[in-house]
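Read through the structure below, which is laid out as structure tokens, and then see the notes.
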Amino acid sequence: MTESTRSRIISFEPLAGAAGDMILAALCDLGADPEAIEKTLHKAGLTSISLQFARRRCEHGIVCGYLDVIDADAAHDDHDHDHDHGHDHDHDHEHHHGHGHDHAHDHDHAHDHDHHHHHDHASEADAAPAPHHHRGLKDILTLIRNSDAPTRAKERAEKIFRRLGEAEASVHGIDVEQVHFHEVGALDSIADIFGICLALEQLGVERIYCSGYKIGHGTVRCAHGLMPVPAPATALLLEGFPVTRLPIATELTTPTGAAVLTTLAEGPLPTQPFRLLATGNGHGRKNFPEMPNLIRALLLEEQTGENTESEAKAWGEAETMSVITFETDDQTAESLGYLSERLLAAGALDVSATATQMKKNRPGVRLQALSRPADEVRLANIILTESSTLGVRIQTARRLCLPRTTTKVNTPWGEAAAKIVHRPDGRMETIPEFEEARRIAQEHQLPLRLVLDAIKAWQA
Numbered sequence: 065m066t067e068s069t070r071s072r073i074i075s076f077e078p079l080a081g082a083a084g085d086m087i088l089a090a091l092c093d094l095g096a097d098p099e100a101i102e103k104t105l106h107k108a109g110l111t112s113i114s115l116q117f118a119r120r121r122c123e124h125g126i127v128c129g130y131l132d133v134i135d136a137d138a139a140h141d142d143h144d145h146d147h148d149h150g151h152d153h154d155h156d157h158e159h160h161h162g163h164g165h166d167h168a169h170d171h172d173h174a175h176d177h178d179h180h181h182h183h184d185h186a187s188e189a190d191a192a193p194a195p196h197h198h199r200g201l202k203d204i205l206t207l208i209r210n211s212d213a214p215t216r217a218k219e220r221a222e223k224i225f226r227r228l229g230e231a232e233a234s235v236h237g238i239d240v241e242q243v244h245f246h247e248v249g250a251l252d253s254i255a256d257i258f259g260i261c262l263a264l265e266q267l268g269v270e271r272i273y274c275s276g277y278k279i280g281h282g283t284v285r286c287a288h289g290l291m292p293v294p295a296p297a298t299a300l301l302l303e304g305f306p307v308t309r310l311p312i313a314t315e316l317t318t319p320t321g322a323a324v325l326t327t328l329a330e331g332p333l334p335t336q337p338f339r340l341l342a343t344g345n346g347h348g349r350k351n352f353p354e355m356p357n358l359i360r361a362l363l364l365e366e367q368t369g370e371n372t373e374s375e376a377k378a379w380g381e382a383e384t385m386s387v388i389t390f391e392t393d394d395q396t397a398e399s400l401g402y403l404s405e406r407l408l409a410a411g412a413l414d415v416s417a418t419a420t421q422m423k424k425n426r427p428g429v430r431l432q433a434l435s436r437p438a439d440e441v442r443l444a445n446i447i448l449t450e451s452s453t454l455g456v457r458i459q460t461a462r463r464l465c466l467p468r469t470t471t472k473v474n475t476p477w478g479e480a481a482a483k484i485v486h487r488p489d490g491r492m493e494t495i496p497e498f499e500e501a502r503r504i505a506q507e508h509q510l511p512l513r514l515v516l517d518a519i520k521a522w523q524a
């Protein structure tokens, strides 16, 4: 892996929870350009949105990034929600605007991280028609797809919105397309999520990790009434992920923060060499006497020993994966085959079944599904729905993949798809795509082995 091809990675460390504005503030503190993000949001149709980013010392003496996402079309009293959980945050400071002028801003925030999240805290928007433009999932996805943002930023944003929408739909017991997105559809929430994905692209981030999730305690008043912390959507989004409850009586991780991190993060940072390029701190709107209310982002670059080309090839492409396992002794082969097909269609990277001995000397089957961490809970739910098992085991594993490229190779019977794999010792190997080889063998009435050998013998 040469200097120009080392992957950039971000590891998020939520000290006291996570919210959309905190994550975006941390990325801007790392060096993402809020002015460029704002311009892209305007081109996408969010012309009333402005990003106000500033760096200043928090009450604990640490310099952090602070970000306000302002919707100019919203009424002023909608911006100053009265979300009083006992920790007021008074600040008199200078904001940095994305459009080149300073704005003296003196106001009292008595609310948690994401003041625009209606089901995190009660607000006037819950009792009266809100000036925000609430949109459905289809509207939001159309806005993203029609923007001129980089493809990967749009793909990441779509995944986050879909996951958040599915959580909201599950909480309300309705179809995702029927969800009226107060949370997701408010313009400032859209700007948070889309802005985070644009910032990640600016920083050239290939992969994202997260050290864990923090939750507070007590209750929070939602549109649904008084609910325990974490709020319903947040609790659903965090299912299957490691959480730590802190002795702070308020909501620490918001639905937006949970959706962003559980969708994008592959798990905790792997134990392999990295070079630390920069750190960024994103502070929330509240101050806690116990600790700084911040999330830290580490911008890292993959390293491989002494960083030689041969060592990089020996490492391969390392990924953090999830292995979901269960055993059964009372299901038919047909039903397990169907379950395997469902898992693969839903995003499992591989599914395998092996014979095993179970209790009372019963022969059984052990089924394992390999997935990305962001998909593990969804795939586990499919297993719990389609199988007779009462539980699954989810383990974290490291997967090493050799560098590979796909290509078309020439054979006596026409072109065929294949993979070119780079071995650690420098050799290149041509691996046939089996379905292509089978197609050629059937079309030309040839032995399959003959076609496979011809593809393997191909050299660029």
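Residue numbering for the sequence shown follows the working numbering, starting at 65 and increasing by one per position. Virtual Cβ for every residue (Gly too), placed ideally from N, Cα, C.
Within the stretch 309-386, the complete beta strand (DSSP E) segments of 3 residues or longer fall at 338-347 and 358-366, listed in chain order.
According to DSSP, residue pairing for L264 in a beta bridge does not occur. A82 is positioned such that its CB atom lies no closer than 8 Å to that of N345. Under the three-state reduction of DSSP output, A82 falls in the strand class. Residue pairing by DSSP places C274 opposite F76 in a beta bridge.
Shown here, F498 sits in a helix according to DSSP, grouped into three states. DSSP places Q432 within a strand segment (E or B) once states are collapsed to three.
Nearest C-alpha to F225 among D239, P214 and F258: F258. In this structure V456 does not touch A438 by the C-beta definition: roughly 17 Å separates them, more than the 8 Å allowed. In this structure, A461 keeps its C-beta atom at 8 Å or more from the C-beta atom of K472.
Residues L207 and S211 of the same chain have their beta carbon placed closer than 6 Å to that of A108, with the five preceding and five following residues left out of the count. Take the alpha-carbon of I359 and the one of R487: they are about 40 Å apart. Cβ atoms of M385 and S416 stay farther apart than 8 Å, at about 14 Å. In the same chain as T470, and ignoring 5 residues on each side of it, the C-beta atoms closer than 7 Å to its own belong to A481 and K483, in chain order. One alpha carbon belongs to A361, the other to L448, and they sit about 35 Å apart. G125 and R349 have their C-alpha atoms spaced approximately 15 Å apart. In this structure, DSSP gives I458 an extended state, which the three-state scheme calls strand.
Relative to E383, the option among H508, E405 and R271 whose CA is nearest is R271. For P296, the enclosing alpha helix (DSSP H) begins and ends at P296 to L301. Boundaries of the alpha helix (DSSP H) harbouring H236: T215 to H236, taken from the DSSP string. DSSP places V243 outside any alpha helix (DSSP H), giving it a letter other than H or E. T298 is positioned such that its CB atom lies no closer than 8 Å to that of K278.
Here DSSP, grouped into helix, strand and coil, assigns D489 to coil.
A straight-line Cα-Cα distance of about 21 Å links L514 and M492. Of L413, N357, E499 and K520, the smallest CA-CA separation from T314 is found for N357.
CA-to-CA, the gap between L407 and G490 works out to about 35 Å. In the three-state reduction of the DSSP assignment, F117 falls in the strand class, which pools E and B. Between the beta-carbon of E398 and that of G428 there is about 16 Å, and that puts the pair past the 8 Å contact cut. Counting C-beta atoms within 10 angstroms of its own C-beta, I238 has fewer than 16 neighbours from the protein chains shown and is therefore classed as exposed. Only residues of its own chain outside the window of five on either side were considered, and among them L363 and E365 have a CB closer than 6 Å to the CB of L341, listed in chain order.
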